[in-house]
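Just below is one structure, and these are the notes that go with it.
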Amino acid sequence: MWTNRERVLVLCSRGADVRTRHLMNDIKVLMPHAKGDSKLDKQKSLVVINEIAEMKNCTKVLYFESRKHKDVYLWMSNVDGGPSVKFLVHNMHTMMEMKMSGNCLKASRPVLSFDSRFDDEPHLTLIKHALIQTFATPNHHPRSQPFFDHVFSFSVTPDLKIWFRNFQIVDETLQLQEIGPRFVLETIRIFAGSFEGAVLYDNPDYESPNAKRRALKLAGKGKYIEKQLIKKASESKTQQVKEVLAEKLEDPVGEVMKSFISGRSCSTLAWA
Numbered sequence: 001m002w003t004n005r006e007r008v009l010v011l012c013s014r015g016a017d018v019r020t021r022h023l024m025n026d027i028k029v030l031m032p033h034a035k036g037d038s039k040l041d042k043q044k045s046l047v048v049i050n051e052i053a054e055m056k057n058c059t060k061v062l063y064f065e066s067r068k069h070k071d072v073y074l075w076m077s078n079v080d081g082g083p084s085v086k087f088l089v090h091n092m093h094t095m096m097e098m099k100m101s102g103n104c105l106k107a108s109r110p111v112l113s114f115d116s117r118f119d120d121e122p123h124l125t126l127i128k129h130a131l132i133q134t135f136a137t138p139n140h141h142p143r144s145q146p147f148f149d150h151v152f153s154f155s156v157t158p159d160l161k162i163w164f165r166n167f168q169i170v171d172e173t174l175q176l177q178e179i180g181p182r183f184v185l186e187t188i189r190i191f192a193g194s195f196e197g198a199v200l201y202d203n204p205d206y207e208s209p210n211a212k213r214r215a216l217k218l219a220g221k222g223k224y225i226e227k228q229l230i231k232k233a234s235e236s237k238t239q240q241v242k243e244v245l246a247e248k249l250e251d252p253v254g255e256v257m258k259s260f261i262s263g264r265s266c267s268t269l270a271w272a
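The sequence shown runs 1 to 272 under UniProt numbering.
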């Protein structure tokens with residue numbers, strides 16, 4: 001009997017690049033309980049997504065927000081009162097791009113595997129439960145197959161980023177072959193409500209992509225200034241050498257030698 005009626009709304013913002021759209025489509029294919037929607041206008045408030053989810057009878061949301069055609073953020077939210085988590089997405093690789101040897105049947109249910117480090121930090125434990133409620137296919141879902149043939153792996157890196165990978169269960173020996181997609185999530189904030197509310201967790205080590213680009217730009221500017229100073233110093237040194245070579249300095253030794261040679265030539269002529 002189908003009792004767990006969780007549905008996930010998966011959508012992206014207008015202006016999302018090709019890789020983001022393909023990743024979103026891969027996730028919708030792997031999640032039978034997912035529903036899509038048209039792109040969201042960036043000028044609209046994110047709270048509008050709650051109304052869209054209610055109209056679609058969805059209780060969870062995965063929203064890919066693109067900025068400057070290069071930065072991708074993922075919102076994972078529980079529409080019924082929160083919480084919601086905002087991630088920065090790194091190292092996205094789609095199934096078409098990776099071309100791995102693994103494969104799984106469409107609409108089959110996944111086994112969710114979590115790193116033991118999810119239980120070490122309170123905010124990671126909260127994220128773990130949010131991932132379970134979002135990515136786990138409900139039992140007896142009408143669009144799902146009644147068996148497991150792949151694994152969603154969620155690993156925690158040393159810098160507390162979350163690495164998502166998808167593996168095929170090959171046979172009864174539980175050998176795994178990667179299918180794809182693959183991406184890394186960096187936690188930014190956790191909010192008490194759905195796309196709003198008090199901040200439950202704020203990552204102190206998070207640095208925005210704009211700040212990183214600004215630092216790289218300033219570092220490049222410093223290198224350019226250093227190069228220009230070295231170039232000016234070299235040109236100044238070359239000019240000084242040229243000026244020294246151009247000056248006619250007094251040479252007393254040379255004068256003595258000239259007078260000696262001229263006197264010797266005169267005496268030679270007198271003898272002749």
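We put the CB at the ideal spot given by N, CA and C, even for glycine.
- Within 10 angstroms of the beta-carbon of Phe135 lie 16 or more other beta-carbons, which makes it buried.
- For Gln133, the enclosing alpha helix (DSSP H) has its first and last residue at Pro122 to Phe135.
- Taking a cut-off of 8 Å for Cβ pairs, the region 189-197 and the region 69-83 touch, as three or more such pairs fall below it.
- With a 10 Å radius around the Cβ and a threshold of 16 neighbouring Cβ atoms, Ile27 comes out buried.
- For Thr20, the enclosing alpha helix (DSSP H) starts and ends at Val18 to Leu30.
- Taking a contact to require three or more Cβ pairs closer than 8 Å, the region 55-74 and the region 162-170 do not qualify as touching.
- Taking every protein chain shown into account, the CB of Phe87 has 16 or more other CB atoms within 10 angstroms, so this residue is buried.
- The count of Cβ pairs closer than 8 Å, one atom from the region 89-101 and one from the region 47-59, stays below three, leaving the stretches out of contact.
- In the DSSP assignment, Glu178 falls within the unbroken beta strand (DSSP E) covering Leu176 to Glu178.
- Residue range Arg182 to Phe191 is occupied by the beta strand (DSSP E) that includes Glu186.
- The residue among Glu6, Asp41, Phe64 and Gly15 with its C-alpha nearest the C-alpha of Met24 is Phe64.
- Arg7 and Lys42 do not touch by the CB rule: their CB atoms are close to 25 Å apart, not below 8 Å.
- Residues of the same chain with a CB within less than 8 Å of the CB of Asp115, apart from the 5 flanking positions on each side, are Phe154, Ser155 and Val156 in chain order.
- For Asn78, the number of other beta carbons within 10 angstroms of its own is at least 16, and it is reported as buried.
- Under the three-state reduction of DSSP output, Leu88 falls in the strand class.
- With at least 16 other beta carbons inside 10 angstroms of its own, Met76 counts as buried.
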